[in-house]
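This report concerns only the one structure given below.
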Amino acid sequence: MLWLVWRQHRWQLLTVAAVTAAYCGYLIWVAWGVPAAIDECRTLGGACDAFNLAKSRWDSAILVGNLLPLAAGVFWGAPLLAREVEQGTIRLVLTQSVSRRGWLSVKLGVLAAAAGVFGVAVGLTVSWAAPRLGSLSNDWPFGNDVLFSQAGVVPVATWVCALLVGAALGAGVRRLMPTVAVTLAVLVLGFAGLVALRPHLIPPVVAVAGAERMMPDPWFEASERGWLYRVSYLDSGGRELTSTTAGELCADPANSYPTAECLARTGLRQRAVYQPLDRYVWFQAAEAGLLLVVSAGLALAIRRRLVNAV
Amino acid sequence: MSNAVETVGLGRRYGRHWALRECRLSIPEGRVVALVGPNGAGKTTLLNLVAGLIRPSAGSVLRFGEPVRDDPASLGRFAYLAQDSALYPGFRVADLLTFGRKLNPRWDDDLARDRLAQLGIPPRKRVRQLSGGQRAQCALVLASAKRPDLLLLDEPLASLDPLARHDVMALLMETVALHGTTVVLSSHIIADLVDTCDWLVAVNRGRIQVSGEIDELLAGHAVVSGPVDRRAHLPDRLPVVTESVNGRQVDLLTRATTDTFGPAWSVRPPSLDELVRGYLGAPDASALPGPVALAR
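Just so you know, the protein sequences line up as chains A and B, in that order. Under the UniProt record's numbering, the letters of the first sequence match residues 1 to 310, in that order. Under the UniProt record's numbering, the letters of the second sequence match residues 1 to 296, in that order.
This is how it looks when you write it as structure tokens:
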């Protein structure tokens, strides 16, 4: 059976492996020189060109990187059943001396393992590389829509889930090209849905603080603190003001946003809605868990469909 | 001796349409069975049900006395050659043999290699480069090298030229003689089956119409021919299956009769072709074995 999986899927596996390796290699190469570029940028009179170049390369690469799990869904998952049915070879393979359950579990198992390995590779690379840019940009995975799903353990679950979405749609649609199209649409919408759902996985902390404990505003420079949803200010009447309105109230010529000095002077309080940094692992666990539960459900659905009828 | 295939009340419905219904069938081991019937009669549905590829909507199928199960032991006892004899287009012929070897514990690699060499199909060729006939031959090699006890073939001869047909039938006969394999092959060309098959199953409009040993069926029927204007003088109790008029002569396919009808009428045994055509032309008639035949 292992031979069959390799013989049928070797080109898809090798192609995706090559693309993933190239992607990870590129990220490592870009991130490698970043600390030196940051040091140069930070010295007085130093040039930031090297950093800016690395940053723009990084940003475009990361955007493209989100498409990689699509490959597992479209090239591995979609053909798994759809092509067998379309070619008629399903009747050949299901009448060999291998049970349907056995055939399906080896195929899904091997491909899911491969997807997991590629997910681990991406996760390790991004987790290593992102902090190298982080001290001068907003490239912390926590709270970054395009980075979060490529860091830590989430990519492992994303890849596996993409594979199973493709396979499950193939089992339902049973024709390759429509399956590919539907898989693409479902995965893109699913990813968008996941990004929209992510902030709600765990209820955020709402902190109201006076001058002595306020967070620096704008948040950009304080991303070490976690994932900020929203910063606003409350005046003495309890009315909520945006940073800009509050900044105008402060009338501080040096700062357009409120400072601690302003809060002490005006009596404004800062209201921050955020996820503390130590929740990063919980978010990783929640999202990976959600995707794996969906994957397991899809695997069961495929098995059920295959065992019941062709 | 037990039955290779036995079905009870077997039926399969697609939506509201029954492709096969109330099918009661017993095929003894070691037979070469001709499964005949017009297009859309339910031949493929029956074979798919016996192969366990689709589930019955009603009734049940037994293979060698055991229910159809999704486990290697049950799957290993039969082989199925589907109508389109679909193979993986990107595989080389040698890959097909590896496929068979890796997925079947009873695989006979020597048989497969010898047979392909005989056919002159090079192992390096890809399936998509083969002709339709070569593909069908490869699929048949794949099915027979599995060393099944029951070989189900859906229109195996359709894409073959007459010479290849003869070869395939010869190979089947050899397999049966060597291993006692039960073979069920569907075809709409009855001439191909006359010499090789010893059991006939006719399917018509989703029902089994005839099932029995060919010699017994032929001996159990007669063709009564005579002038059409004397038709009314024949006795009413004559068990007529079907009758056809050719000009001034009428031919009646009847169940065996000891009656004589006078000098105007001739009585002779039917050919297989006449028998099959006679039954398929009269969908309501049937010749099924009674309980005695089933118990044998």
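Idealized CB from N, CA, C, for every residue including glycine. From a predicted model like this one, the values you see are computed outputs, not experimental measurements.
Could you name the residues that DSSP lists as bridge partners for residue i?
{"i": "B/ILE27", "result": "B/VAL5"}
{"i": "A/PHE142", "result": "The partner list for A/PHE142 (beta bridge, DSSP) is empty, contrary to what the question assumes."}
{"i": "A/LEU147", "result": "Paired residue(s): none; A/LEU147 is not in a bridge."}
{"i": "A/PRO276", "result": "A/GLY226"}
{"i": "B/GLN249", "result": "B/PRO227 and B/ASN246"}
{"i": "B/TRP18", "result": "B/ARG13"}
{"i": "A/ALA115", "result": "According to DSSP, A/ALA115 bridges with nothing at all."}
{"i": "A/GLU287", "result": "DSSP output for A/GLU287 lists no bridge partner at all."}
{"i": "A/ALA209", "result": "A/GLN270"}
{"i": "A/TRP159", "result": "DSSP lists no partner for A/TRP159."}
{"i": "B/GLY212", "result": "B/LEU200"}
{"i": "A/VAL231", "result": "A/ALA272"}
{"i": "B/VAL240", "result": "B/THR254"}
Grab the span of the alpha helix (DSSP H) containing residue i for me, first residue to last.
{"i": "A/HIS9", "result": "2 to 32"}
{"i": "B/GLY42", "result": "First-last for B/GLY42: undefined, no H or E at that position."}
{"i": "B/ARG113", "result": "109 to 119"}
{"i": "B/ARG268", "result": "Here B/ARG268 belongs to no alpha helix (DSSP H); instead the beta strand (DSSP E) covers 266 to 268."}
{"i": "B/THR257", "result": "Looking at the DSSP string, B/THR257 is not in any alpha helix (DSSP H), and its letter there is neither H nor E."}
{"i": "A/ARG91", "result": "89 to 93"}
Please report whether the beta-carbon of residue i lies at a distance below 8 Å from any beta-carbon of chain A.
{"i": "residue 319 of chain B", "result": "One cannot answer for residue 319 of chain B here, as it falls past the ends of chain B, which runs 1 to 296."}
{"i": "B/TYR14", "result": "no"}
{"i": "B/GLY76", "result": "yes"}
{"i": "B/PRO89", "result": "yes"}
{"i": "B/ALA19", "result": "no"}
{"i": "B/THR196", "result": "no"}
{"i": "B/PHE99", "result": "yes"}
{"i": "B/VAL245", "result": "no"}
{"i": "B/ALA82", "result": "yes"}
{"i": "B/LEU53", "result": "yes"}
{"i": "B/PRO72", "result": "yes"}
{"i": "B/PRO156", "result": "no"}
Would you say residue i faces chain B, with C-beta separation under 8 Å as the test?
{"i": "A/MET1", "result": "yes"}
{"i": "A/SER99", "result": "yes"}
{"i": "A/VAL110", "result": "no"}
{"i": "A/ALA222", "result": "Because A/ALA222 carries a pLDDT of 49, less than 50, the predicted location of this residue cannot be relied on, and no value is offered for it."}
{"i": "A/LEU4", "result": "yes"}
{"i": "A/GLN12", "result": "no"}
{"i": "A/LEU176", "result": "no"}
{"i": "A/LEU291", "result": "no"}
{"i": "A/LEU92", "result": "yes"}
{"i": "A/THR15", "result": "no"}
{"i": "A/ARG7", "result": "yes"}
{"i": "A/THR179", "result": "no"}
Pull up the distance between the alpha-carbon of residue i and that of residue j, whole angstroms please.
{"i": "A/GLN96", "j": "B/ALA79", "result": "7 Å"}
{"i": "A/ALA82", "j": "A/ALA22", "result": "29 Å"}
{"i": "B/GLY76", "j": "B/ASN104", "result": "7 Å"}
{"i": "A/VAL273", "j": "A/SER236", "result": "19 Å"}
{"i": "A/LEU164", "j": "A/ARG265", "result": "58 Å"}
{"i": "B/ALA285", "j": "B/ALA4", "result": "26 Å"}
{"i": "B/HIS233", "j": "B/THR258", "result": "17 Å"}
{"i": "A/LEU53", "j": "A/ALA37", "result": "10 Å"}
{"i": "B/THR181", "j": "B/ARG101", "result": "20 Å"}
{"i": "B/ILE189", "j": "B/GLY278", "result": "15 Å"}
{"i": "B/SER57", "j": "B/GLY9", "result": "10 Å"}
Over the uninterrupted beta strand (DSSP E) stretch that includes residue i, give me the two end residues.
{"i": "B/ALA34", "result": "32 to 36"}
{"i": "B/TYR80", "result": "78 to 81"}
{"i": "B/GLY59", "result": "58 to 63"}
(request) Entirely within the region 129 to 184 of chain B and at least 3 residues each: give me those beta strand (DSSP E) ranges in chain order. (result) Counting only runs of 3 or more, we get 150 to 154.
(request) Run through the region 235 to 264 of chain A for me and flag every whole alpha helix (DSSP H) of 4 or more residues, listed as ranges in chain order. (result) The region 235 to 264 of chain A contains these whole alpha helix (DSSP H) runs: 243 to 250.
(request) Could I get the ranges of all uninterrupted alpha helix (DSSP H) runs contained in the region 40 to 85 of chain A, with 4 residues as the minimum, in chain order? (result) Those alpha helix (DSSP H) runs which fall completely within the region 40 to 85 of chain A and span 4+ residues are 49 to 65 and 68 to 71.
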